Amino acid sequence: MIHPERDDWARQLTALRQQMAEQAASLDASGEFPWRNIDHLRAGGWLSLAVPPSCGGAGASLAQLQQVIAAIAWGEPATALIVCMQYLHHLRLAENDAWHAPLRQQVFHDAVEHGGLINSLRVEPELGSPARGGLPDTVATRRAEGWDISGHKIYTTGIEGLRWLAVWARSDDNPPLVGTWLVPGDSPGITVVKSWDHAGMRATGSHEVIFNHVRVAAEHAVDVWPADAPPAAQAEPFRLFANRQTALLAAIYDSIAHAAHDWLVRWLAGRV
Numbered sequence: 001m002i003h004p005e006r007d008d009w010a011r012q013l014t015a016l017r018q019q020m021a022e023q024a025a026s027l028d029a030s031g032e033f034p035w036r037n038i039d040h041l042r043a044g045g046w047l048s049l050a051v052p053p054s055c056g057g058a059g060a061s062l063a064q065l066q067q068v069i070a071a072i073a074w075g076e077p078a079t080a081l082i083v084c085m086q087y088l089h090h091l092r093l094a095e096n097d098a099w100h101a102p103l104r105q106q107v108f109h110d111a112v113e114h115g116g117l118i119n120s121l122r123v124e125p126e127l128g129s130p131a132r133g134g135l136p137d138t139v140a141t142r143r144a145e146g147w148d149i150s151g152h153k154i155y156t157t158g159i160e161g162l163r164w165l166a167v168w169a170r171s172d173d174n175p176p177l178v179g180t181w182l183v184p185g186d187s188p189g190i191t192v193v194k195s196w197d198h199a200g201m202r203a204t205g206s207h208e209v210i211f212n213h214v215r216v217a218a219e220h221a222v223d224v225w226p227a228d229a230p231p232a233a234q235a236e237p238f239r240l241f242a243n244r245q246t247a248l249l250a251a252i253y254d255s256i257a258h259a260a261h262d263w264l265v266r267w268l269a270g271r272v
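Per full-length UniProt numbering, the sequence shown starts with residue 1, numbered consecutively.
Here's what the structure looks like:
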């Protein structure tokens with residue numbers, strides 16, 4: 001396993017900015033997934049910074065993660081959003097006891113050894129974001145050997161490079177379970193519909209995904225509960241998540257503005 005050297009942090013972040021910027025224009029034009037950027041981050045150990053040391057990760061602080069996201073975003077913000085989702089997942093997973101412990105360890109190990117990416121697939125064409133309430137149309141049907149998942153997701157940031165899909169769904173029980181099923185990204189029955197063609201953040205590859213009878217084991221219902229008896233809201237975990245999300249996402253916006261400022265200054269200097 002490799003982790004960035006902390007005693008050479010400033011130089012590494014500067015180099016990271018430049019490395020990410022090399023493909024920014026071409027990625028923005030093509031909308032292709034930023035494979036080279038992700039490979040570079042994987043090789044340098046940047047994708048497992050938020051994994052706790054007890055699981056082989058770097059256990060970086062929120063301030064350090066924010067600095068890394070800012071450096072990536074200055075060069076290529078779509079890559080930064082993909083990595084931001086990775087960090088947020090790892091931070092939450094480290095504190096989530098609902099997951100089957102061996103499965104949680106597998107996700108962490110994959111990030112440390114292989115740079116495996118994870119993100120949530122929550123938004124649907126009809127439901128929109130589950131933050132507004134309602135049950136998802138994506139259904140996990142019970143089978144003797146586990147679950148059979150079918151449904152349709154949109155805004156699936158980084159889908160082409162994801163190793164793990166945290167899928168928001170409901171079960172076929174009455175009343176249904178609702179929550180997250182963990183699906184390996186290479187599972188049979190997953191189809192990516194390349195519909196993401198926006199004016200900006202094009203390389204996030206936030207395409208549509210169709211699940212057609214995707215099979216997962218029983219323990220892959222990693223964080224689910226009865227729809228009519230949701231877990232009681234816990235103020236402190238929610239506050240931590242909100243603070244982390246704000247800090248890391250704000251770093252992307254801030255760096256985009258700084259990069260635009262820096263480009264304009266260079267352009268004006270060249271015009272005089």
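C-beta: ideal position from N, C-alpha, C; glycine also. None of the values given here were measured: they were computed from a predicted structure.
Residue range of the unbroken beta strand (DSSP E) whose run includes residue i
i	result
A140	V139 to R143
residue 284	Residue 284 lies beyond the residue range present for the chain, which begins at 1 and ends at 272; the question has no answer from this structure.
S48	Taken as a continuous stretch (DSSP letters only), S48 belongs to no beta strand (DSSP E), as it is neither H nor E.
L162	L162 to S171
T14	Segment W9 to A21 is the alpha helix (DSSP H) holding T14; no beta strand (DSSP E) there.
CA-to-CA distance, residue j to residue i, given in whole angstroms
i	j	result
T156	T79	14 angstroms
L62	A269	36 angstroms
A260	A73	11 angstroms
Q67	T246	14 angstroms
L65	F238	19 angstroms
L13	A71	6 angstroms
T191	A50	29 angstroms
A242	R271	43 angstroms
A98	P175	20 angstroms
G185	I252	26 angstroms
Per-residue burial, residue i [other beta carbons within 10 Å of its own, 16 or more giving buried]
i	result
Q23	buried
E113	exposed
P136	buried
L264	exposed
Delimiting residues of the alpha helix (DSSP H) encompassing residue i
i	result
R42	W35 to A43
G75	L62 to G75
V112	A101 to H114
Chain-order list of residues whose beta-carbon lies under 6 angstroms from that of residue i (same chain, five-residue window excluded)
i	result
A221	W181
S171	A140 and L177
S255	A70, A73 and W74
L16	A71
E208	I154, V193 and S195
V123	S129, I154 and Y155
Residues near residue i by beta carbon distance below 8 angstroms, same chain, minus five either side
i	result
E76	M20, A21, Q23, A24, L27, P34, N37 and A203
residue 333	Absent from the structure is residue 333, since the part of the chain shown begins at 1 and ends at 272.
D110	G116, R163 and W164
H213	D148, I149, S150 and G189
Cβ-based neighbour list, residue i, same chain, cut-off 7 angstroms, excluding 5 preceding and 5 following
i	result
L32	With the sequence shown as reference, residue 32 is identified as Glu, and Leu is not the correct amino acid for it. Counting only Cβ-Cβ distances below 7 angstroms, and skipping sequence neighbours, we find A203.
H100	E219 and V222
L88	R244, Q245 and L248
E126	D137
Minimum Cβ-Cβ distance from residue i to chain B less than 7 angstroms
i	result
G185	The structure shown has no chain B; it contains just one protein chain.
In chain order, each beta strand (DSSP E) run of at least 3 residues that lies wholly inside the segment 178 to 239 | 190 to 193, 207 to 217 and 221 to 226
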